[in-house]
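To keep things clear, I will list the structure first and then write my remarks on it.
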């Protein structure tokens, strides 16, 4: 029977991708320290396994490359030939060619490369006859498909080749947190300790490969269990209240019993029976409460443990991404004729696989900027009194429930004055705005879209190129980017990310009649202030906290809601949440701070993904769906919101109350529309379909009706026609909100008498509210 290699090829690629990444890393290490026998042995084993596996699945060209690599590395291992930069170039070319061949095989295509010249150079390398003059040919033959993006400019090969090093030694406190560095370039002592343990004893933990889809499904199930755990705990609190009410009731019964002790006859006898019955209810309630409390506690523990285990399964060490950068630094530094030391710390720090995949491109871009524009040439560094080799430090660690990734260089730094000049030249800011900016705040201008041009690259070390995209991608992950820089000392970019996108800790707040959640990682502090403590400075409302003037706005104004909070007077203290994003602090006045709790993040779906200022939704213990606010968007919205001063706004106001009927068979959309409209100050009733809506409309007159089209029993078109036939509703506005977007459907909506037609695919909160306000005010 003919061998069907397609059955095994996917698994082979999965293993080979990991092996090639490891070889990329180890070749860079070996360039820095050619005598590292441990790394040589590891490389030799990987090449041997690659050769054998390729032969087993019938990939003979990859097998040939692996075979020759093994021969060459065998000579290096036996110290018959040295590991030179020239040899390293050829071996890197081998890895790139293997990637191209493997990708072509997976796609069922024929690779457009020839390996003959590569095998010839490997044979020369094996005999130690590979000459430097042949190196230029290597880069001309490197395939287009590489493990990372290459600069478009022509490669420059310096002579002599610049040095790229991975640090070996570090202070003990750092080493303890830099497992990936030890893996790249371990100290002799570390390897001596490992050698005492047989290799087979190290690999005692058995593993299996599981598709990410199955893990995602498992994560979704555990998320539902977490929601139910929150629900159970809420029910337990209700149970506790019931128990306390029973105890209170019996207390009053006992008092009444004592007063009625002198009463004889049937009345007192019946009262005694009621008292006994109450005692029995109390005993059974206490017993049930103990059982339910214990069961809920055990279930909560199991669910929490399961949730942590599932999250751990999705966690990968950041070294999965970090280990791709030594090769990147090595190649680009050679092209720009610079000497660079790359130091990696905290590679064993765990991060959710989804975040890890999305963060690779932002990190790649920041590191390329460090290399291309942040770090000086060797001569420039010598002239500035710096070490010849520039330094990049890539680190990761956990801080306060988040992962913090830093990219630090010791290059030119960013001049905030030049940043301001560039921003003024590009008309990104006005002269007045530039004068108000501190040097620290000016650095964040580099994250604005369209900030940089080629000339600006020279002025600000190229930091503006595409950094708006970096910031946008990080914010999509519910993270933030910060920058610090000192001229001629260097720059630090800090990425602060959640450990997972599944759950977060959030502050639950009330604005008007609506409940919202705000991620606590973005909350700097919460304060309560007297009304007179809010000052007006340069026509802006501010509150002074820790000697800082912090702008204050009403969250209701930003969200376009009408506050229906309790009456506020000068004796009431107002709750303010101070949010901090990119060193921009704004205080948001809310109606109530309710609680802080862990919540499960739910996607809002395609229909609602464009709702402004939202990051998702969650379900509280009471079963209420709550919107999670996007803090970065809130900050931006707060800067442009048009509102009068808080001292004028915080008054008792009477708004006309309009009554609206929402008709939709989808419970989620029905509830969401209700929340939006009630948040804007309208009174809302609900109907589950057209028939239900028509019956409710006959019993009560509404000022406006919002209806879906696709519904059982009676659709929205038929409902609109029936309403128009009724004299009471002939002139009452009807708004159709539907997924039907064909012109014929819109025309039919007009024909049956609808006043507005909103398509759900382009649906957002402001469109519905603006339409309603236009129709009824």
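Residue numbers (full-length UniProt numbering): 1 to 777. Just so it is clear, CB atoms sit at the ideal spot from N, CA and C, and this is done for glycine as well.
Check                                                                                                                                 : Outcome
Per DSSP, cross-strand counterpart(s) of residue 529                                                                                  : 574
Spatial distance of residue 664 from residue 218 (CA atoms)                                                                           : 32 Å
Coarse secondary structure for residue 617, derived from DSSP in three states                                                         : strand
Close beta carbons around residue 760, own chain, < 8 Å, minus the five adjacent residues each side                                   : 607, 669, 737, 738, 739
Residue 430 burial status per 10 Å Cβ neighbour count (16 or more: buried)                                                            : exposed
Own chain, CB closer than 6 Å to residue 505, minus 5 neighbours either side, in chain order                                          : 520, 598
Between the CA atoms of residue 335 and residue 320 - distance to the nearest angstrom                                                : 25 Å
Meets three-Cβ-pair contact criterion under 8 Å: the stretch 628-639 and the stretch 525-543                                          : no
Unbroken stretches of the beta strand (DSSP E), 3 residues or longer, contained in the UniProt domain "Response regulatory" (659-775) : 659-663, 683-687, 704-707, 734-738, 756-759
Contact between the stretch 39-52 and the stretch 16-27 (3+ Cβ pairs under 8 Å)                                                       : yes
Residue 657, buried or exposed, once every other Cβ within 10 Å from all chains shown has been counted against 16                     : exposed
Straight-line Cα distance separating residue 387 from residue 38                                                                      : 29 Å
Closest residue to residue 605 among 595, 613, 617 (Cα-Cα distance)                                                                   : 617
Residues bridged to residue 514 [DSSP beta-bridge criterion]                                                                          : 511
Cross-strand partners of residue 597 (DSSP beta bridge)                                                                               : 506
Where residue 376 falls, given that 16 or more other Cβ within 10 Å makes a residue buried                                            : buried
DSSP bridge partner residues for residue 388 (one or two, in chain order)                                                             : Its beta-bridge partners do not exist; DSSP assigns none.
Cα-Cα separation, residue 124 to residue 413                                                                                          : 45 Å
Contact between the stretch 467-474 and the stretch 362-369 (3+ Cβ pairs under 8 Å)                                                   : yes
Cβ-Cβ distance between residue 65 and residue 98 below 9 Å                                                                            : yes
Member of 391, 703, 80, 468 whose CA lies at the smallest distance from the CA of residue 490                                         : 391
Residue 630 - DSSP class collapsed to helix/strand/coil                                                                               : coil
Option nearest residue 695 by Cα separation, candidates 709, 723, 601, 673                                                            : 723
Coarse secondary structure for residue 812, derived from DSSP in three states                                                         : No information on residue 812 is available, as it lies outside the stretch 1 to 777 that the chain covers here.
Beta-bridge partners of residue 482, as assigned by DSSP                                                                              : 494
Residue closest to residue 703, alpha-carbon to alpha-carbon, out of 689, 718, 677                                                    : 677
Three-state secondary structure (DSSP) of residue 474                                                                                 : helix
Rounded straight-line distance, which links the Cα of residue 752 to that of residue 493                                              : 59 Å
Nearest-angstrom Cα separation, counted from residue 347 out to residue 373                                                           : 25 Å
Spatial neighbours of residue 68 in its chain, beta-carbon cut-off 6 Å, leaving aside the 5 residues before and after                 : 119, 122
Residues bridged to residue 343 [DSSP beta-bridge criterion]                                                                          : 393
Residue 383 to residue 415 span [Cα, whole Å]                                                                                         : 19 Å
Residue 518 vs residue 624 beta-carbon contact at 9 Å                                                                                 : no
C-alpha distance - residue 509 paired with residue 340, whole-angstrom precision                                                      : 49 Å
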